[in-house]
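Count the sequence shown with numbering that gives the first Met the number 0 and you get residues 0 to 109, in order.
Each residue gets a CB set at the ideal place from its N, CA and C atoms; glycine is no exception.
Just so you know, these numbers come straight off a predicted model, no measurement behind them.
A short worksheet on the structure shown next.
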Amino acid sequence: MTYSKYDQTELSKLCGRVVFTAFCTSMLHIGMGIVKPLLFQSVMMPCNILSEAVFKVNYWGYSDQQEDLKRPFVPPSVFDGWKKKKEEDKKEEKKEEEKKEEKPEEKKDK
Numbered sequence: 000m001t002y003s004k005y006d007q008t009e010l011s012k013l014c015g016r017v018v019f020t021a022f023c024t025s026m027l028h029i030g031m032g033i034v035k036p037l038l039f040q041s042v043m044m045p046c047n048i049l050s051e052a053v054f055k056v057n058y059w060g061y062s063d064q065q066e067d068l069k070r071p072f073v074p075p076s077v078f079d080g081w082k083k084k085k086e087e088d089k090k091e092e093k094k095e096e097e098k099k100e101e102k103p104e105e106k107k108d109k
């Protein structure tokens with residue numbers, strides 16, 4: 000699959016999500032008279048569209064060589080921040096263990 004075809008597929012998926020969200024929000028507003036989701040989506044939907052990787056590459060002109068913009072695009076996950084925190088914690092623990100291992104060796108040399 001070419002980059003062009005892949006991007007068209009991703010844009011089609013994005014349009015489908017936007018239409019579905021707009022439909023659901025409209026039904027909440029028309030059917031039940033709820034205004035908050037309508038206001039919320041009127042702000043968040045453009046923000047979400049502009050932050051999509053396919054939109055950044057094709058319309059904003061970002062380089063697709065950046066880690067988060069490489070194809071195939073990986074959708075953001077709710078747990079991304081948690082995963083990064085866990086990885087950082089593991090790295091810190093390894094550094095602390097290495098420091099603890101170095102200290103006894105220094106004492107032996109003295």
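> Between the beta-carbon of M44 and the beta-carbon of V18, is there less than 8 Å?
Replying inline: no
>> Am I right that L13 and I48 are in contact with their C-beta atoms under 8 Å? What's the rounded C-beta distance?
In response: 7 Å
> Cα separation between D6 and E95?
Replying inline: 45 Å
> Going by alpha carbons, who is nearest to K37 out of T20, E91, G60?
Replying inline: For the sequence presented, residue 37 should be read as Leu rather than Lys. When each option's Cα is compared against that of L37, the closest is T20.
> What's the C-alpha gap between T1 and P71?
Replying inline: 11 Å
> Alpha carbon to alpha carbon, what distance is there between V53 and K90?
Replying inline: 32 Å
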